[in-house]
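Chains V and X are the protein sequences, given in the same order. Under the working numbering, the first sequence has 216 at position 234, and the numbering climbs by one with no breaks. Under the working numbering, the second sequence has 57 at position 75, and the numbering climbs by one with no breaks. Where a beta carbon is used, it is the ideal one built from N, C-alpha and C, also for glycine. Worksheet for the structure shown next.
2 protein chains.
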Amino acid sequence: MLENLKNNDTINRKIQFVEKIMIKNVKSRHKNVQDMLTEMIHSGGKRLRPLFLLLSAEFGQNKTESLYEAAAGMEMIHMATLIHDDIIDEASLRRGTVTAQSRFGKDYAVFMGDFLMNRSYLMLNGKVLAPEVRQIQHIMECLFYGEMLQYNGRFDRKKTVSQYIRIAANKTASLFALSFFLGAKISECEESICKALKRTGYYFGISFQILDDLLDFSSRESDLGKNIQKDIHMGFYTLPMIFAAKQNPEIWGLIQDSRFDELQQCIRAAGGFRKAAELGEQYLEKANSELAELPDIEAKKIILHALQDMKNALQEFS
Amino acid sequence: MLENLKNNDTINRKIQFVEKIMIKNVKSRHKNVQDMLTEMIHSGGKRLRPLFLLLSAEFGQNKTESLYEAAAGMEMIHMATLIHDDIIDEASLRRGTVTAQSRFGKDYAVFMGDFLMNRSYLMLNGKVLAPEVRQIQHIMECLFYGEMLQYNGRFDRKKTVSQYIRIAANKTASLFALSFFLGAKISECEESICKALKRTGYYFGISFQILDDLLDFSSRESDLGKNIQKDIHMGFYTLPMIFAAKQNPEIWGLIQDSRFDELQQCIRAAGGFRKAAELGEQYLEKANSELAELPDIEAKKIILHALQDMKNALQEFS
């Protein structure tokens, strides 16, 4: 997803600068932690949150260096929550990359997440205006809240689409919304533009989570990946399963008996993948509408392009 | 320890007010989390950090309500770190009380710690001056760093007294130092008084950790408590053992063979408890010296009383 962004030199340079700031900000007298976090940063990531923050900032006039620090802060918060989430999920792989907890141990993962979260605050606190700091901390709470909702809802066969969306809104969309918003705010966009970009991020975030959950079932792997099997065992049921179960409750039997190949076929036959993809596309449409009113600058084109890429990726499931 | 503080009505009223603020500040739309944290608050604690913050504030003139919020914030940070530490220690009991992780599960404990840490920031951010917020976050890092040092040093039979002190300084003394400091700072004490109180808190914190580690071996229980056995199994060697091992390396054999009763006797015979207690007393002396220069107000008498209580508790081991 978002493949074509990788070939944009300007964007790549900006992201490299953000990564530099991240690496600077995980420097610590505790070399061990510094090394682990530096390694995590080097091991990459899509850097969507900083990217969108910087693109959002293009709508305003005040391009200060603090934009890059805020962008780095967004990615660091994201990394911190990933580290803590992986402790809960007992994940050993995150889309092919070894997770912090399996690399360094669960114990270290707790501290590393705490350390990184604290460094993000420390960094943002100096660079962002006071009201925004409060908002950042409110969003942090949404992130935890979303994870807790998800954890509470394990094994819930009656989980509804709106419950799923509520989880996605909190655990994923909130940070995208904040990233879009902060870029606009720091670069001093007018309030209406800040809000429209915030909503763009929110809608993007929901469809991003839907796509993410779809990709876990990706047909590129001959059988379901180990992590998704573990997720299912742990009771994390995502949108394709929720849609499919409405149509065909037999999927619960397949889950119970760990018949994962059949499960995948069953979800497909019951339209689970297609319906999830369609809902994802609807959220992308909402994001598109928010952007429609904004000035036609280059950054807007790039964001629209990213939305189109997402749409293409979703359509592979429909 | 600090038994006589419990009978001070003024102090009790103040601490009840702090607890009220804590309870107000864990209110959440996520009722589950709110209930768990409220229960944790109700289940008590010595509240030393808020207490010392408020006592410190008596040296200044500016007694605002924000003192109580800062006091509540200190205790909430403390609780958050306890929750996360218990995940690492796999502790099921914390001095007789069931820990968050065994009560609610490891997964919840990660979120609850994150949530509480975030709420502490949120609360302190509005109430404390900007430079102090940075200092709070620096101290947070000391707390993680201390825990990491401790974790790194597991099974290290060559652990020195100064390594132990370094861990205690970071994981414990730093937050006491901050509590003393913030009280003085918010109530607008002069810089020299702020610094003297900060050092008082630091020295108190070190001796507090030493006493805490001694109490784990407390003779009130006929055999070593399960948690200390687990700690030893997990490789957490504390000051009495470090001193004893210098004198008699046989203790490593006793540890390896899980002969805990003999271990305790061996530590005693090798002077491990006594030497640890003496070092604790030395730090109390330093705290006393810092206070000597300060005005003789009622709060100072209470702090001195607390130091005397600590000294008595330590002397039971010497």
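With fewer than 16 neighbouring CB atoms inside 10 Å of its own CB, His215(V) falls in the exposed class. Each residue's CA atom was taken as its position, placing Ala252(X) and Tyr184(X) some 28 angstroms apart.
For Pro222(X), the enclosing alpha helix (DSSP H) covers residues 221 to 229. At a Cβ-Cβ threshold of 8 angstroms, Pro231(V) and Ala258(V) do not count as neighbours. When C-beta distances to chain X are compared with 7 angstroms, every residue of the region 168 to 189 of chain V stays at or above that value. With respect to the 8 angstroms criterion, Ala150(X) and Gln191(X) are classified as neighbours on the basis of their beta carbons. Taking a C-beta distance under 8 angstroms as the contact criterion, Ala54(V) and Pro32(V) qualify as a contact pair.
Going by beta carbons, Ala226(V) and Gly254(V) fall inside the 8 angstroms limit. Contacts with chain V (Cβ-Cβ distance below 9 angstroms) from the region 123 to 138 of chain X involve Glu123, Leu125, Phe126, Tyr127, Glu129, Met130, Leu131, Tyr133, Asn134, listed in chain order.
Collapsing the DSSP output to three states places Pro113(V) in a helix. Contact annotation, Lys180(X) with Ala155(X): C-beta distance approximately 10 angstroms; criterion of less than 8 angstroms not satisfied. Under the three-state reduction of DSSP output, Ser240(X) falls in the coil class, being neither helix nor strand. Taken through DSSP and simplified to helix, strand or coil, Thr63(V) comes out as helix.
Relative to Ile70(V), the option among Phe199(V), Gly235(V), Tyr133(V) whose CA is nearest is Tyr133(V). A Cβ-Cβ distance of about 3 angstroms is found for the pair Gly217(V) and Arg136(V), placing them in contact under the 8 angstroms criterion.
Glu51(V) is positioned such that its CB atom lies closer than 8 angstroms to that of Lys109(V).
By alpha-carbon distance to Glu40(X), the top candidate from Glu21(X), Lys6(X), Lys(-4)(X), Asp68(X) is Lys(-4)(X). Beta-carbon to beta-carbon, Met130(X) and Phe93(V) are separated by about 5 angstroms, close enough to satisfy the 8 angstroms threshold. Three or more Cβ pairs drawn from the region 23 to 38 of chain X and the region -2 to 7 of chain X lie within less than 8 angstroms of each other, which places the two stretches in contact.
Uninterrupted alpha helix (DSSP H) stretches at least 4 residues long and entirely within the region 86 to 145 of chain X occur at 88 to 109, 112 to 134, given in chain order. Taking C-beta atoms under 8 angstroms as the contact rule, Phe97(V) and Glu123(X) qualify, at a distance of about 7 angstroms.
From the listed residues Glu57(V), Asn107(V), Leu37(V), Phe126(V), the smallest Cα separation to Cys176(V) is found for Leu37(V). Comparing alpha-carbon positions, the option among Val115(X), Lys28(X), Val8(X) lying closest to Thr20(X) turns out to be Val8(X). Going by DSSP, Thr20(V) is part of the alpha helix (DSSP H) stretching over 13 to 24. Interface criterion not met: the Cβ of Ile279(V) is under 8 angstroms from no Cβ in chain X.
Taking C-beta atoms under 8 angstroms as the contact rule, Glu173(V) and Gln43(V) fail to qualify, at a distance of about 15 angstroms. Secondary structure of Thr46(X) (DSSP, three-state): coil. In the structure shown, Asn270(V) adopts helical secondary structure according to DSSP, grouped into three states.
Between the C-alpha atoms of Ala166(X) and His66(X) there is a straight-line separation of about 29 angstroms.
Buried is the label assigned to Arg29(V), since at least 16 other Cβ atoms lie within 10 Å of its Cβ. A distance below 8 angstroms separates the beta carbons of His12(V) and Tyr127(X). Counted as a single uninterrupted DSSP element, the stretch harbouring Lys28(X) is not any alpha helix (DSSP H), since DSSP gives it neither H nor E. A Cβ-Cβ contact shorter than 8 angstroms links Glu272(V) with Thr182(V). Annotation: Gln117(X) has no Cβ neighbours in chain V at a cutoff of 8 angstroms; minimum Cβ distance is about 10 angstroms.
Among the residues facing chain V, Tyr103(X) is included, as its CB has a counterpart in that chain under 8 angstroms away.
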